[in-house]
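All remarks here apply to the structure that follows.
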Amino acid sequence: MAQPAIRQIDPIAVFIQEHEEVLLHLRTLNKIAASIKEKGVDDELLKTLDQSMEFIKEEVEVHNKREEEALFPVVERYVDGPTRSLKDDHQHLARHFETLQDAAHAITINKNDQEAIQQFLLIARTIVQIMVNHIHKENHILFPMLQRFLTKDELREVTRKLI
């Protein structure tokens, strides 16, 4: 029995689009941090912070898992150094994000908790730097390379794992 045709989806384009969404939320996180530093914490800011944190927690975690399960195994058939480095980034981001969540929670409980505010500002800046560099490595180094070297069958294999 023939296998059903898989929609023609460019998995690399999917990952790039997801990166664009992440970058928007990173800009929001930067704006939140700048506002906290300049004006302190208010209820409206906490609401925006909560929404941004929820997106980062849910969507970035899913995105990273999809990269590691669908894309990286195909890449690792040829070379594993780049994927090892990218997986390390994913792990660092997850740990930093837990710290960021703790600081955000402490700020929610006490808007004047200066220690939590300073920790939040430091970790937010770290996360943004790591994620922007990570996305740059994937969008401008890994993905163009994969688009040149992966076969159509390999790209379809990645797509099957994404669907």
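Just so you know, we're using the working numbering here: the sequence shown kicks off at 32 and counts up by one.
Idealized CB from N, CA, C, for every residue including glycine.
The C-beta distance from V106 to L193 rounds to 15 Å, too long to fall under 8 Å, and the pair is not in contact. If you compare the alpha carbons of P175, E188, I161, T139 with that of V53, the shortest gap goes to I161.
In the DSSP annotation of this structure, I40 is not part of any alpha helix (DSSP H), being labelled neither H nor E. In the DSSP assignment, E92 falls within the alpha helix (DSSP H) that extends over 92-97.
Taking a 10 Å sphere around the C-beta of F180, we find fewer than 16 other C-beta atoms and assign the residue as exposed. Each of A64, E146, R115, L57 was checked against the Cα of E98, and the nearest Cα belongs to R115. Here H56 is buried. Its C-beta has 16 or more other C-beta atoms within 10 Å.
Boundaries of the alpha helix (DSSP H) around R191: 183-193. F174 sits away from I40, with the two beta carbons spaced by 8 Å or more. Rounded to whole angstroms, the separation of the alpha carbons of V45 and R191 is 13 Å. Cβ-Cβ distances below 6 Å link H121 to N95 in the same chain, with the five nearest sequence neighbours on each side left out; the list follows chain order.
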